[in-house]
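Going by our numbering, the sequence shown opens with residue 2, and the numbers climb by one from there. Idealized CB from N, CA, C, for every residue including glycine.
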Amino acid sequence: MICPYCGHYDSKVIDSREVNDGIRRRRQCLRCDERFTTYERLQPASLFVIKKDERREEFHREKILTGVRKACDKRPLPSGTVENIVDDIEAELYQLGKTEIPTKYIGDMVMARLKSLDHIAYIRFASVYREFADITTLKEEVDTLANHTILHSADQLPLIPPDELAVTAKNQRRSRR
Ligand SMILES: [Zn+2]
Numbered sequence: 002m003i004c005p006y007c008g009h010y011d012s013k014v015i016d017s018r019e020v021n022d023g024i025r026r027r028r029q030c031l032r033c034d035e036r037f038t039t040y041e042r043l044q045p046a047s048l049f050v051i052k053k054d055e056r057r058e059e060f061h062r063e064k065i066l067t068g069v070r071k072a073c074d075k076r077p078l079p080s081g082t083v084e085n086i087v088d089d090i091e092a093e094l095y096q097l098g099k100t101e102i103p104t105k106y107i108g109d110m111v112m113a114r115l116k117s118l119d120h121i122a123y124i125r126f127a128s129v130y131r132e133f134a135d136i137t138t139l140k141e142e143v144d145t146l147a148n149h150t151i152l153h154s155a156d157q158l159p160l161i162p163p164d165e166l167a168v169t170a171k172n173q174r175r176s177r178r
């Protein structure tokens, strides 16, 4: 296991415990002494995704992780949120007991979770995944969310956080000059 801090190839395990469906190990780098965590999990029978052009590709958890992480970048979400979403989706996919799953199905699962979590992350993910054809389609989606937020604002992060709003207003004033 390569140390994420200094790239050294060797570490020692200082703690290991069973979690849900795997084993969590705390490791310490033998060169820089930094600590990091690894998870070991059983690889269930292969799962394939069916892409838009009907090609099959082996399911990779990292692909969803990257997409969700990008969407949630710099959003005020508790640490571990992204991993939890992906864990959740992965578990649900394997529970389906199918060997092939359309990418659209997985994308919809991600969107459903982001939508109830954070609208900015949702819009970011949706704009990549759904490839909004034009700005009108995107605006419609944002409007729908904005209306929804007014009705259910209690459990949602603000669509535009107050500080970003201030920055936007400032930029607008500047560009008007
Ligand atoms: Zn190190």
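If you ignore the 5 residues before and after Tyr123, its C-beta comes within less than 8 Å of the C-beta of Ala72, Met112, Leu115, Lys116, Leu146, all in its own chain and listed in chain order. Here DSSP, grouped into helix, strand and coil, assigns Arg76 to coil. The secondary-structure analysis by DSSP pairs Asp16 across a beta bridge with Arg27. Per DSSP, the continuous beta strand (DSSP E) segment holding Thr38 begins and ends at 36–42.
Here Leu48 is buried, its C-beta having at least 16 other C-beta atoms within 10 Å.
If you ignore the 5 residues before and after Val87, its C-beta comes within less than 8 Å of the C-beta of Arg62, Ile65, Leu66, Val69, all in its own chain and listed in chain order. Around the beta-carbon of Ser12, 16 or more other beta-carbon atoms lie within 10 Å, marking it buried.
Under the three-state reduction of DSSP, Arg125 is assigned to helix. Residues His9, Asp11, Ser12, Lys13 of the same chain have their beta carbon placed closer than 7 Å to that of Leu31, with the five preceding and five following residues left out of the count. For Arg114, the enclosing alpha helix (DSSP H) starts and ends at 104–118. The secondary-structure analysis by DSSP pairs Glu58 across a beta bridge with Val50.
Within 10 angstroms of the beta-carbon of Ile15 lie fewer than 16 other beta-carbons, which makes it exposed.
Taking Arg57 as the centre and dropping the five residues before and after it, the same chain places the C-beta of Phe49, Val50, Ile51, Glu101 closer than 8 Å to its C-beta, in chain order. In terms of side-chain proximity, the C-beta atom of Arg32 is found nearer than 7 Å to a non-hydrogen atom of ligand 1.
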